[in-house]
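Residue numbers (my numbering): 2 to 146.
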(Lines of atoms letter the chains of each structure in order from A and count residues from 1; the text may use other names and numbers.)
(Lines give C-alpha, C1' and ligand atoms only; values in the text may rest on other atoms or scores of the structure.)
Protein backbone atom coordinates (compact mmCIF):
# COMPACT_ATOMS: atom_id res chain seq x y z
CA UNK A 1 0.00 0.00 0.00
CA UNK A 2 1.39 3.35 -1.01
CA UNK A 3 1.98 5.93 1.70
CA UNK A 4 0.67 9.44 1.49
CA UNK A 5 3.65 11.41 0.09
CA UNK A 6 3.10 14.01 2.82
CA UNK A 7 4.07 11.51 5.54
CA UNK A 8 6.96 9.74 3.78
CA UNK A 9 10.29 10.10 5.58
CA UNK A 10 13.90 9.04 4.92
CA UNK A 11 13.48 5.96 7.15
CA UNK A 12 11.00 4.58 4.59
CA UNK A 13 13.97 4.11 2.23
CA UNK A 14 16.52 2.80 4.75
CA UNK A 15 17.56 -0.48 6.38
CA UNK A 16 20.37 -0.84 8.88
CA UNK A 17 22.22 -4.02 9.77
CA UNK A 18 22.83 -6.04 6.61
CA UNK A 19 26.48 -6.12 7.67
CA UNK A 20 25.59 -8.15 10.79
CA UNK A 21 25.66 -11.96 10.53
CA UNK A 22 22.44 -13.79 11.33
CA UNK A 23 22.29 -16.44 14.04
CA UNK A 24 23.44 -19.86 12.85
CA UNK A 25 22.39 -21.76 15.98
CA UNK A 26 19.55 -23.67 14.32
CA UNK A 27 19.27 -27.18 12.85
CA UNK A 28 19.93 -25.96 9.27
CA UNK A 29 22.98 -23.85 10.12
CA UNK A 30 21.75 -20.97 7.98
CA UNK A 31 20.00 -17.64 8.41
CA UNK A 32 18.27 -15.41 5.86
CA UNK A 33 18.01 -11.68 6.59
CA UNK A 34 15.36 -10.32 4.27
CA UNK A 35 15.29 -6.72 3.09
CA UNK A 36 12.01 -6.37 1.25
CA UNK A 37 9.02 -4.04 1.31
CA UNK A 38 8.26 -5.12 4.90
CA UNK A 39 11.61 -3.69 6.07
CA UNK A 40 11.86 -0.80 3.57
CA UNK A 41 8.39 0.54 2.70
CA UNK A 42 9.98 2.68 -0.02
CA UNK A 43 10.49 -0.49 -2.08
CA UNK A 44 6.75 -0.64 -2.74
CA UNK A 45 6.13 -0.98 -6.51
CA UNK A 46 9.87 -0.89 -7.33
CA UNK A 47 10.25 -4.59 -8.10
CA UNK A 48 13.47 -5.24 -6.15
CA UNK A 49 14.63 -6.58 -2.79
CA UNK A 50 17.69 -8.10 -1.13
CA UNK A 51 18.58 -10.86 1.27
CA UNK A 52 21.72 -11.75 3.18
CA UNK A 53 22.24 -15.47 3.69
CA UNK A 54 24.68 -16.66 6.36
CA UNK A 55 25.86 -20.27 6.54
CA UNK A 56 27.69 -22.27 9.19
CA UNK A 57 30.04 -24.95 7.84
CA UNK A 58 27.82 -27.49 6.07
CA UNK A 59 24.82 -25.19 6.58
CA UNK A 60 21.86 -25.43 4.20
CA UNK A 61 19.32 -22.99 2.82
CA UNK A 62 16.89 -25.82 2.04
CA UNK A 63 15.05 -26.33 -1.25
CA UNK A 64 12.62 -23.48 -1.74
CA UNK A 65 11.05 -21.31 -4.40
CA UNK A 66 10.15 -17.65 -4.85
CA UNK A 67 6.79 -17.53 -6.63
CA UNK A 68 7.12 -13.85 -7.54
CA UNK A 69 10.84 -13.33 -8.24
CA UNK A 70 14.00 -14.37 -10.00
CA UNK A 71 17.01 -14.47 -7.66
CA UNK A 72 20.59 -13.52 -8.43
CA UNK A 73 23.10 -14.66 -5.80
CA UNK A 74 26.67 -13.47 -5.22
CA UNK A 75 29.00 -15.22 -2.78
CA UNK A 76 30.98 -12.85 -0.53
CA UNK A 77 32.75 -15.38 1.72
CA UNK A 78 33.24 -19.13 1.70
CA UNK A 79 32.13 -21.70 -0.84
CA UNK A 80 28.58 -22.71 -1.74
CA UNK A 81 27.14 -25.57 -3.74
CA UNK A 82 24.01 -24.13 -5.37
CA UNK A 83 21.45 -25.49 -7.76
CA UNK A 84 17.95 -25.50 -9.17
CA UNK A 85 15.60 -28.02 -10.76
CA UNK A 86 13.74 -27.37 -14.00
CA UNK A 87 9.98 -27.81 -14.00
CA UNK A 88 7.35 -29.40 -16.23
CA UNK A 89 9.61 -30.96 -18.85
CA UNK A 90 8.26 -31.76 -22.31
CA UNK A 91 6.96 -35.27 -22.99
CA UNK A 92 9.70 -37.93 -22.95
CA UNK A 93 12.06 -35.54 -21.13
CA UNK A 94 13.10 -35.41 -17.49
CA UNK A 95 13.58 -32.61 -15.00
CA UNK A 96 17.15 -31.36 -14.95
CA UNK A 97 19.28 -30.35 -11.97
CA UNK A 98 21.68 -27.47 -12.61
CA UNK A 99 24.41 -27.12 -9.96
CA UNK A 100 27.60 -25.14 -9.53
CA UNK A 101 30.18 -24.63 -6.79
CA UNK A 102 30.55 -20.91 -6.14
CA UNK A 103 33.51 -19.08 -4.63
CA UNK A 104 33.74 -15.44 -3.50
CA UNK A 105 32.75 -13.13 -6.33
CA UNK A 106 30.86 -15.83 -8.25
CA UNK A 107 27.26 -15.18 -9.30
CA UNK A 108 24.40 -17.61 -10.04
CA UNK A 109 20.82 -17.02 -11.19
CA UNK A 110 17.74 -18.93 -10.00
CA UNK A 111 14.82 -18.41 -12.43
CA UNK A 112 11.49 -17.33 -10.99
CA UNK A 113 9.43 -20.10 -9.44
CA UNK A 114 12.02 -22.87 -9.76
CA UNK A 115 13.02 -24.94 -6.73
CA UNK A 116 16.56 -24.08 -5.66
CA UNK A 117 18.98 -24.44 -2.74
CA UNK A 118 22.34 -23.31 -1.36
CA UNK A 119 24.66 -25.53 0.69
CA UNK A 120 27.92 -24.52 2.37
CA UNK A 121 30.20 -27.38 1.41
CA UNK A 122 33.19 -25.76 3.13
CA UNK A 123 34.71 -25.93 6.60
CA UNK A 124 34.29 -22.19 7.29
CA UNK A 125 31.28 -19.89 7.43
CA UNK A 126 29.91 -18.56 4.15
CA UNK A 127 28.00 -15.37 3.27
CA UNK A 128 25.98 -14.53 0.18
CA UNK A 129 23.81 -11.65 -0.96
CA UNK A 130 20.73 -12.30 -3.08
CA UNK A 131 18.98 -9.74 -5.24
CA UNK A 132 15.35 -10.52 -6.07
CA UNK A 133 13.17 -9.10 -8.83
CA UNK A 134 10.23 -8.25 -6.57
CA UNK A 135 9.67 -6.04 -3.55
CA UNK A 136 7.77 -9.03 -2.09
CA UNK A 137 9.25 -12.21 -3.64
CA UNK A 138 7.59 -14.68 -1.30
CA UNK A 139 9.21 -17.94 -0.25
CA UNK A 140 7.87 -21.48 -0.16
CA UNK A 141 10.18 -23.92 1.63
CA UNK A 142 9.52 -27.32 0.10
CA UNK A 143 9.94 -29.30 3.35
CA UNK A 144 7.27 -27.07 4.93
CA UNK A 145 4.82 -27.26 2.00
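Note that the Cβ used here is the ideal one computed from N, Cα and C, for glycine as well. For clarity, every value in this text was computed on a predicted model and none was experimentally measured.
- Item | Three-way DSSP call (helix, strand, coil) for residue 52 in this model | Stepping through the chain shown from its first residue, residue 52 is reached at position 51. Residue 52: strand per DSSP, three-state reduction.
- Would you tell me roughly how many angstroms separate the C-alpha atoms of residue 13 and residue 112, rounded to the nearest one? Along the chain shown, read from residue 1 onward, the residue named residue 13 stands at position 12. Along the chain shown, read from residue 1 onward, the residue named residue 112 stands at position 111. Looking at the backbone, the Cα of residue 13 and that of residue 112 are separated by about 29 Å.
- Message: Does the stretch 126 to 138 come into contact with the stretch 56 to 76, if we say contact requires no fewer than three beta-carbon pairs (one atom in each stretch) closer than 8 Å?
- Response: The stretch 126 to 138, when compared against the stretch 56 to 76, does touch it at the 8 Å Cβ threshold.
- Query: Would you say the stretch 24 to 33 touches the stretch 85 to 100, given that touching needs at least three Cβ pairs under 8 Å?
  - Reply: no
- Extent of the continuous beta strand (DSSP E) to which residue 131 belongs: Looking up residue 131 in the chain shown gives position 130. Run containing residue 131: 127 to 133, per the beta strand (DSSP E) assignment.
- Task: Please report how far the alpha carbon of residue 41 lies from the alpha carbon of residue 21, in whole angstroms.
- Result: By 1-based counting over the chain shown, the position of residue 41 is 40. By 1-based counting over the chain shown, the position of residue 21 is 20. Taking the straight line joining both Cα atoms gives about 17 Å.
- Message: Could you tell me the alpha carbon to alpha carbon distance between residue 45 and residue 51, rounded to whole angstroms?
- Response: Within the chain shown, the letter at position 44 stands for residue 45. Within the chain shown, the letter at position 50 stands for residue 51. If you take the alpha carbons of residue 45 and residue 51, they lie about 13 Å apart.
- Query: What are the start and end residues of the beta strand (DSSP E) that includes residue 117?
  - Reply: Position 116 of the chain shown holds residue 117. Taken as a continuous stretch (DSSP letters only), the beta strand (DSSP E) holding residue 117 covers 117 to 121.
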